[in-house]
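*Asks:*
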Amino acid sequence: MDCLRGPQRTVGGPLAPAIVAGSAGAAGFLTWAVRGRSSTVFAPSIWRGNSEQRELALTFDDGPSESTPELLEVLERFGVSATFFLCGVPVRRLPGIARLITQSKHELGNHTDSHARLWLRSRSFISTEVGLAQRTIADVTGVSPQLFRAPYGVRWPGLGAVQREHGLTGVMWSVIGNDWALPADRIAARVLRGVQPGAIVCLHDGRELRVNPDIRPTIGAVRTLIPRLRNEGWTFRSVRDWIG
1 MDCLRGPQRT VGGPLAPAIV AGSAGAAGFL TWAVRGRSST VFAPSIWRGN SEQRELALTF
61 DDGPSESTPE LLEVLERFGV SATFFLCGVP VRRLPGIARL ITQSKHELGN HTDSHARLWL
121 RSRSFISTEV GLAQRTIADV TGVSPQLFRA PYGVRWPGLG AVQREHGLTG VMWSVIGNDW
181 ALPADRIAAR VLRGVQPGAI VCLHDGRELR VNPDIRPTIG AVRTLIPRLR NEGWTFRSVR
241 DWIG
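For the sequence shown, counting from 1, position 206 maps to 206 in the working numbering; every step adds exactly one.
Spelled out as structure tokens, the structure:
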């Protein structure tokens, strides 16, 4: 016997397998509800476009960053519009770059103020994070986002009501490039393997809230992906095109 913890007991008897299976099933459901790309348990969202054609949308999270203008130049060179899910903190730090995104005719989304993980957070906390980002983006750029992506894809009770309060549609992704951890060639290969009609591709022009992050792998991957996908018959759409 452990004098601090007391006697150890195990679940036994004929119901033990059912209890264990039920616990595992509940845990699996909660994980999917919180992070599953197709989950709408805690907040409505889309994870792919309603298309059977070779159409996809490029999205970028965590910006703006000091290197976002270089990414914008690449997108302009290829004539591709994308959706940028911005955090309030870097928008306040880099207001000119945030405005440059809208001036370049890209779509804006809300990615919370401080890139907070919403897991186990109160509705008040979620409301503050989403609302402050919404006000910051609107004040700096003149555009009120209509799209929202939760950091890390983590949703939690209360988020749905907050999205409705601000008129936000949740957006997950079909393919994520893991571009915070991979070199350009592997990011591009990962995206190319995963795209399906209506794909929403998630990449990053920031790295959480880091100052002057290295996003060269992301930019390099985009330079590869756009001409390669076009050669394979893909066209680039806006996320809003699929929402109406």
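Just so you know, even glycine gets a beta-carbon here, dropped at the ideal spot from N, CA and C.
The alpha helix (DSSP H) with ASP185 in it runs from where to where?
*Replies:* 184 to 194
*Asks:* Determine contact between the stretch 68 to 79 and the stretch 220 to 233, defined as no fewer than three beta-carbon pairs at a distance below 8 angstroms.
*Replies:* yes
*Asks:* Report all residues from its chain with a CB closer than 7 angstroms to the CB of TRP180; omit the five preceding and five following residues, and keep chain order.
*Replies:* Same-chain partners within the cutoff: HIS204 and ARG207.
*Asks:* I need the straight-line Cα distance from VAL80 to THR218, nearest angstrom please.
*Replies:* 15 angstroms
*Asks:* Measure the Cβ-Cβ separation of LEU56 and ALA199 and say whether it is below 7 angstroms.
*Replies:* yes
*Asks:* Sorted by chain position, which residues of the same chain lie with C-beta nearer than 6 angstroms to ALA98's C-beta, five sequence neighbours on each side aside?
*Replies:* PRO64, VAL91, VAL140 and THR141
*Asks:* Is LEU86 near HIS115, with beta carbons less than 7 angstroms apart?
*Replies:* no
*Asks:* So, LEU159 versus ILE126, is the Cβ gap smaller than 7 angstroms?
*Replies:* yes
*Asks:* Which of helix, strand or coil does DSSP assign to PHE78?
*Replies:* helix
*Asks:* Out of PHE236, ARG240 and LEU168, which one is the CA nearest neighbour of PHE78?
*Replies:* PHE236
*Asks:* Would you call GLU232 buried or exposed, if buried means 16 or more other Cβ atoms sit within 10 Å of its Cβ?
*Replies:* exposed
*Asks:* Please report how far the alpha carbon of GLN134 lies from the alpha carbon of ARG186, in whole angstroms.
*Replies:* Those two C-alpha atoms are separated by around 34 angstroms.
*Asks:* In whole angstroms, give me the CA-to-CA distance for PRO151 and GLY170.
*Replies:* 11 angstroms
*Asks:* What did DSSP end up calling PHE125 once you bin it into helix, strand or coil?
*Replies:* helix
*Asks:* Determine the burial state of LEU120: buried for a count of at least 16 other Cβ atoms within 10 Å of its Cβ, exposed for fewer.
*Replies:* exposed
*Asks:* For GLU66, which three-state DSSP category applies?
*Replies:* Per DSSP, reduced to three states, the secondary structure at GLU66 is coil, with no helix or strand assignment.
*Asks:* Quick check: what's the CA-CA separation for ASP62 versus ALA161?
*Replies:* 23 angstroms
*Asks:* Rounded C-beta distance between VAL89 and LEU209? I'm assuming under 8 angstroms.
*Replies:* Cβ-Cβ separation between VAL89 and LEU209: approximately 5 angstroms, consistent with a contact (criterion under 8 angstroms).
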